[in-house]
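Residue numbers (UniProt numbering): 1 to 314. In this text, a Cβ means the ideal position worked out from N, Cα and C, and glycines have one as well. These figures come from a predicted structure and were not determined experimentally.
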Amino acid sequence: MTSPRPGHMKVPSILLLFLFSHTEWGPLRTSATPVGPLGGVLYPFGPGEGDEATDHEDDGTSPEIFLQENFSFYGHAYRSLYVNNNGVVSFGTMVPEFTPQPFPLPGHRPFVAPYWADVDTRLGGNVFYRQSQDPQLLARLAQDLAPAVPPGDPSPQPTWAFVATWDRVAYFGAASHKVNTFQAVLASDGVTCFVLLNYGDLQWTTGIANQGDLHTGLGGIPAQAGFDSGDDVHYYNIPGSRTPAVQSLSRRSNIGVPGRWAFRVDHFKATEGPPETPGTVSKTPEDPWNPLASPSVSPNPPRTTEERVYVCRS
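Spelled out as C-alpha cells, the structure:
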C-alpha cells in the first residue's frame, strides 16, 4: 500500500473488514470471464484474448512490460511501460499513488491516465493487459483512428497495439457494488503513435481515502483523465477531470463517438474532433472547429487548462 499524502490516510484493512461485516452492502468480487467489447467502444479483452492481469491488490501495478515496438510519447521513444491498478499506464516508473493530481506533474513522470482514481481490485474487478499484432484488431484500430488525423494526412495504419482494460473495478473502501469499466489502447506503425481512451460504465469517481462517499463512490477528489509528457510543460487534461463531470466521459468524446477519445501523441499536438453532426454531436463551447489543437503548455506548473469537447447525445 502506498504511503498516503499529507492529509490523506487510508483506513486499515482490518477496519474495512469490520465495516463490510456491519453493512447491508459488501465487497463485490467479479469472477465471470469478460467477453468484451462492452458499450460498443471497448476492444475485446480478458483471458480469452490472451490477456495477462495484475494482482488483486490495493494500489497495485504490473511488472515492467517490455514492448515489441518502441512507443513514441511526446517526442521520446519508450521500450517498456507499467499498467497501474489506479487507472494509469506509465513509462519509466510505476504510479501507485491513489490521489489524482492535476497535470502537469513535477518530475519526470510520463503517463497516460484514462481514469486515475483509487481502485481496489481486492473488492472487485480485474485489470487486464496485452500486446497485439492481430490483423483483425489492427484493422479495426485503423478505422477507429481515422478521425484523429486532420484532413489530408495519411490514414493511420498501426502495426502494433497495447490494450489495457480495467474491467468492473471497485473503489477503495467501497460499501456498494458500484464499479467502473474503461480502457487505454496504445497503437503505433513504428513512427506515428496514438492513444485511444474508451469508456464503458462509470459508476464512481472517488475512493474513501480521497474523501469519497463509501456508499456512492462520489464526492471528494474525483478522478483525473488525460496525459502528461513528464517534462513539466506539455500535458492534456480531459475537460471535467477532477470534477464530478469526469463520470460523464462515457457520454462525451473528442471524435464524435460517445465514450471514445483519440489522440496522436508522438508529437506536440492533440486532436480535437470532427465537425458537428446535427442531432448527434454538440460542441461546447460554441466556437469554430479546429482539427488540431496544441496541448496545454504550462510555464508555471502545476497549472491546468480546459479544452474544447464534443458532447455526444443519444
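**Message:** Buried or exposed, going by whether 16 or more other CB atoms sit within 10 Å of the CB of Q183?
**Reply:** The residue is buried, with at least 16 neighbouring Cβ atoms inside 10 Å.
**Request:** For the region 146 to 162 and the region 175 to 194, state whether three or more C-beta atom pairs, one from each stretch, are separated by less than 8 angstroms.
**Result:** Segment contact: the region 146 to 162 against the region 175 to 194, three or more CB-CB distances shorter than 8 angstroms; contact assigned.
**8 angstroms contact criterion, which L81 and A262 should meet: CB distance rounded** = Actually they are not in contact, since the Cβ atoms of L81 and A262 sit about 19 angstroms apart, beyond 8 angstroms.
**Message:** Rounded to the nearest angstrom, what separates V169 and I221 at their Cα positions?
**Reply:** V169 and I221 have their C-alpha atoms some 18 angstroms from each other.
**Request:** Identify which residue in V95, Y78 and R79 has its Cα closest to the Cα of N86.
**Result:** Considering only alpha carbons, the answer is V95.
**Asked** Helix, strand or coil: which one does DSSP assign to Q143?
**Response** In the three-state scheme derived from DSSP, where H, G and I count as helix and E and B as strand, Q143 is classed as helix.
**Request:** Work out the CA separation of E69 and Y129 for me, nearest whole Å.
**Result:** So the alpha carbons of these two residues sit roughly 16 angstroms apart.
**Prompt:** Do you know how far the Cα of L42 is from the Cα of P244?
**Reply:** The alpha-carbon atoms of P244 and L42 are separated by roughly 23 angstroms.
**Request:** Note down, one range per segment and in chain order, each alpha helix (DSSP H) of at least 4 residues found wholly within the region 128 to 201.
**Result:** Secondary structure within the region 128 to 201: the alpha helix (DSSP H) runs of 4 or more consecutive residues, fully enclosed, are 135 to 145 (chain order).
**Request:** Identify which residue in Q131, E64 and P114 has its Cα closest to the Cα of G45.
**Result:** Per the sequence shown, the amino acid found at residue 45 is Phe instead of Gly. Nearest in C-alpha terms to F45, of all of Q131, E64 and P114, is Q131.
**Prompt:** Where DSSP assigns a beta bridge to A77, which residues make up the other side?
**Reply:** According to DSSP, which records beta bridges pairwise, A77 is partnered with S72.
**Message:** DSSP has W116 in a bridge; who is on the other side?
**Reply:** Per DSSP, Q224.
**Message:** Need the endpoints of the beta strand (DSSP E) that V89 sits in, please.
**Reply:** Unbroken beta strand (DSSP E) run through V89: V88 to S90.
**Message:** By the three-class DSSP mapping on this structure, what secondary structure does E52 have?
**Reply:** Strand.
**Delimiting residues of the beta strand (DSSP E) encompassing W261** = Counting along the chain, the beta strand (DSSP E) containing W261 begins and ends at R260 to R264.
**Asked** Going straight from the alpha carbon of G124 to that of Q133, what length do you get?
**Response** Answer to the nearest angstrom: the Cα atoms are 30 angstroms apart.
**Asked** Between the beta-carbon of L202 and the beta-carbon of R260, is there less than 9 angstroms?
**Response** No; because the gap between Cβ atoms is not below 9 angstroms, this pair is not in contact.
**Request:** Take P219 and list the residues in its own chain whose beta-carbon comes closer than 7 angstroms to its own, dropping the five residues that flank it on each side.
**Result:** First, the amino acid is wrong: residue 219 is Gly here, not Pro. For G219, where only same-chain residues beyond five positions count, the Cβ hits under 7 angstroms are T206, Q211, G212 and D213.
**Extent of the continuous beta strand (DSSP E) to which H234 belongs** = H234 -> beta strand (DSSP E) spans H234 to N237.
**Message:** Checking 9 angstroms against the spacing of the C-beta atoms, do G230 and F91 come in under that value?
**Reply:** Between G230 and F91, the gap from beta carbon to beta carbon is short of 9 angstroms.
**Message:** Distance check for P102 and V119, CA to CA, integer angstroms please.
**Reply:** Cα to Cα, V119 sits roughly 18 angstroms from P102.
**Prompt:** Nearest CA to the CA of residue 350: which residue from D266, H108 and A174?
**Reply:** Any property of residue 350 remains undetermined from this structure, which presents the chain solely from 1 to 314.
**Item:** CB of T54 within 9 angstroms of CB of N126, strictly
**Value:** Taking 9 angstroms as the Cβ cut-off, T54 and N126 qualify as a contacting pair.
**Assigned secondary structure, N254 (DSSP; H/G/I helix, E/B strand, else coil)** = Residue state, collapsed to three classes: coil.
**Message:** I need the straight-line Cα distance from D266 to N237, nearest angstrom please.
**Reply:** Cα to Cα, the separation comes out at about 17 angstroms.
**Asked** Can you tell me the Cα-Cα spacing of L28 and S62, whole angstroms?
**Response** Its pLDDT being 38, under 50, L28 is placed unreliably in this model, and the value from its coordinates should be taken loosely. Distance between the alpha carbons of L28 and S62 is about 22 angstroms.
**Message:** Tell me which residues share the same chain as D51 and place their Cβ nearer than 8 angstroms to its Cβ, disregarding the 5 neighbours each side in the sequence.
**Reply:** Result list for D51: F45, F128, Y129, R130, V163 and T165, in chain order.
**Asked** Looking at Y74 and P110, is the spacing between their C-beta atoms short of 9 angstroms?
**Response** Yes.
**Request:** Inspect the beta-carbon positions of L249 and Y199 and report whether they are closer than 9 angstroms.
**Result:** It is a contact, given that the beta carbons lie within the stated cut-off.
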